[in-house]
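Enquirer: Numbering (this note's numbering), first residue to last: 1316 to 1608.
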Ligand SMILES: Nc1ncnc2c1ncn2[C@@H]1O[C@H](COP(=O)(O)OP(=O)(O)OP(=O)(O)O)[C@@H](O)[C@H]1O
Ligand SMILES: [Mg+2]
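1. Determine which residues share a DSSP beta bridge with residue 1344 and list them.
2. So, using beta-carbon positions, are residue 1396 and residue 1389 closer together than 7 angstroms?
3. Could you tell me if the beta carbon of residue 1420 falls within a distance shorter than 6 angstroms of some heavy atom in ligand 2?
4. How about the segment 1509 to 1520 and the segment 1532 to 1545: do they share at least three Cβ pairs that are nearer than 8 angstroms?
5. Within 6 angstroms: the Cβ of residue 1379 and any heavy atom of ligand 2?
6. Hey, out of 1571, 1355, 1338 and 1476, whose CA is closest to residue 1511's CA?
7. Out of 1429, 1428 and 1449, point me to the one whose CA is closest to residue 1438's CA.
8. Under the DSSP definition of a beta bridge, which residues are partnered with residue 1369?
9. Is residue 1402 helix, strand or coil when you go by DSSP?
10. From which residue to which residue does the beta strand (DSSP E) around residue 1551 run?
11. Quick one: what's got a C-beta closer than 8 angstroms to residue 1566's C-beta in the same chain, skipping five residues either side?
12. Please find out if some non-hydrogen atom of ligand 1 comes closer than 6 angstroms to the beta-carbon of residue 1374.
13. Taking residue 1420 as the reference, give the member of 1452, 1377 and 1436 with the closest Cα.
14. Go to residue 1451, then tell me how far its alpha helix (DSSP H) extends in each direction, as first and last residue.
15. May I have the straight-line CA-CA distance separating residue 1400 from residue 1333, to the nearest angstrom?
16. Ligand 1 and residue 1425: does any heavy atom of the ligand fall closer than 6 angstroms to the residue's C-beta?
17. If you count every other CB in all the chains shown that lies within 10 Å of the CB of residue 1367, and 16 or more means buried, which is it?
18. Helix, strand or coil for residue 1610 per DSSP?
19. Under a three-way DSSP split, which group does residue 1397 fall into?
20. From the DSSP output, in three-state form, read off residue 1425 for me.
21. Could you tell me the alpha carbon to alpha carbon distance between residue 1505 and residue 1363, rounded to whole angstroms?
22. For residue 1610 and residue 1575, I'd like the C-alpha separation in whole angstroms.
23. Quick one, which of 1417, 1348, 1343 and 1369 has its alpha-carbon nearest residue 1358's?
24. Are any of the Cβ atoms in chain B nearer than 7 angstroms to that of residue 1357?
25. Can you tell me where the alpha helix (DSSP H) with residue 1462 in it begins and where it stops?
26. State yes or no: is the C-beta of residue 1453 within less than 7 angstroms of the C-beta of residue 1427?
27. Looking only at its chain, what residues have a beta carbon closer than 7 angstroms to the beta carbon of residue 1383, apart from the 5 residues adjacent to it on each side?
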C-alpha cells in the first residue's frame, strides 16, 4: 500500500486557462410521470488542464451518468456540459475518441475481437489511415500500457483482469485524447495488480500531460492519484479540494467514506508523510439553501 500512497505526479495545472470540463446547472432525470427520479440537481464543477480529479459518491449517485455526459453519450435534462470549449453533446462518436478517452466501469472489450483489434477500433472506424499504420499505432499503444506484441492476437477471454484494464486503457488512448475518463479503474483487481495499474496511470498521465477525471471507491487509488477530489452527495457536488482536506469536510457520506476502517487504513501512512502543500481550504460547493459547516 505504501507505494500507492506516494504523492500524485505534479503536472502544472493552469487555473487561468479555460477549463477542460465545465459542468453548469446540470440536472439528470430518469423515468417518466410518477416514476421519474432526479439523480443530479443543479450540479456544478470544473476540471482544469493537468488535473487528476476523483469523483466519489455513494452507489447510484450518478457518477457513471456524469462521465457518460462528459463523453457526450448521454444528455442532461437541463444544464450544460462543455468539454475542451465545445458542448459535449456535439461530439460525434469519432470526434469523441480524439478528444476524450474513456475506460468503462466494466472493462467493455469487444469479446469477438482480439486485443489488437480492440485497441485499434476507433482509429479503424475513422477510416483515414492504411491498415498497416493502424496496426502499428495500436502496437505502440499496447507497449505504452506495458503489454507485449505477442499479446496482440489474444482474445479478451484469455486475459487476466489487469491485462483487460490495460487493453481498455490502450483503446481509450488510441487517438491521443487530451482528456481521459476512468470509471473505477482498479475495481476487481487484486491489490498488487491495482498497485501496478495505478503506477501505470500515474506514469502515463505525467508522460502525456493528460487531464483525468476518475470515479473510484478505492481510497488507495484515490490518494495515490488525485490532485483534487469532488464529492457527489445530495444530488450535487457538495465539496471539492485536495484529498486530505476533503476527507475532513463535515458530511455523513464523507465521514463514512474516509473515516471508516478502510479510510483510516488508506490515510494512515500519509500522516507521517503529508502531501505537498495544497490550497488551505477545500472549495465548498454549498447548496444555496443549506448552512455551511
Ligand atoms: N439510462 C438510464 N435510464 C434510467 N435510469 C438510469 C439510466 N442511467 C442511469 N440510471 C440511474 O441513475 C442512477 C445513477 O446511476 P449511475 O450508474 O451513474 O450510478 P453510479 O454513481 O455510477 O453508481 P455505482 O457506484 O454503483 O457505479 C441509478 O439509479 C441508475 O439506475
Ligand atoms: Mg458507476
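Where is the CB? At the ideal position from N, CA and C, for every residue including glycine. All values derive from a computational prediction rather than experimental measurement.
Expert: Based on what the coordinates show:
1. Answer is 1353.
2. Residue 1396 is not a Cβ neighbour of residue 1389, given a cutoff of 7 angstroms.
3. Flag set: Cβ of residue 1420 near ligand 2.
4. In this structure the segment 1509 to 1520 lies against the segment 1532 to 1545, because at least three pairs of beta carbons, one per stretch, are closer than 8 angstroms.
5. Correct: residue 1379 has its Cβ closer than 6 angstroms to ligand 2.
6. Residue 1476 is the option with its Cα nearest to residue 1511.
7. Closest option to residue 1438, Cα to Cα, is 1449.
8. BP columns for residue 1369 point to 1529 and 1544.
9. Collapsing the DSSP output to three states places residue 1402 in a strand.
10. If you look at residue 1551, you'll find it in the beta strand (DSSP E) that goes 1551 to 1556.
11. Counting only Cβ-Cβ distances below 8 angstroms, and skipping sequence neighbours, we find 1546, 1548, 1553, 1554 and 1608.
12. The answer is yes for residue 1374.
13. For the set 1452, 1377 and 1436, the Cα lying nearest the Cα of residue 1420 is the one of 1377.
14. Residue range 1446 to 1459 is occupied by the alpha helix (DSSP H) that includes residue 1451.
15. Roughly 8 angstroms separates the two Cα atoms.
16. Exclusion of residue 1425 from the 6 angstroms shell around ligand 1 follows from its C-beta lying no nearer than that to any non-hydrogen atom of the ligand.
17. It is buried - the Cβ of residue 1367 has at least 16 other Cβ atoms within 10 Å.
18. The requested residue 1610 does not occur in the structure, where the chain is confined to residues 1316 to 1608.
19. Strand, per DSSP.
20. Coil, per DSSP.
21. Approximately 32 angstroms, taken between the alpha carbons.
22. The question about residue 1610 has no answer here: the residues shown for the chain are numbered 1316 through 1608.
23. Closest option to residue 1358, Cα to Cα, is 1343.
24. The structure shown has no chain B; it contains just one protein chain.
25. Residue 1462: not part of any alpha helix (DSSP H); DSSP gives it neither H nor E.
26. Contact: no.
27. Taken in chain order, the residues that qualify are 1389.
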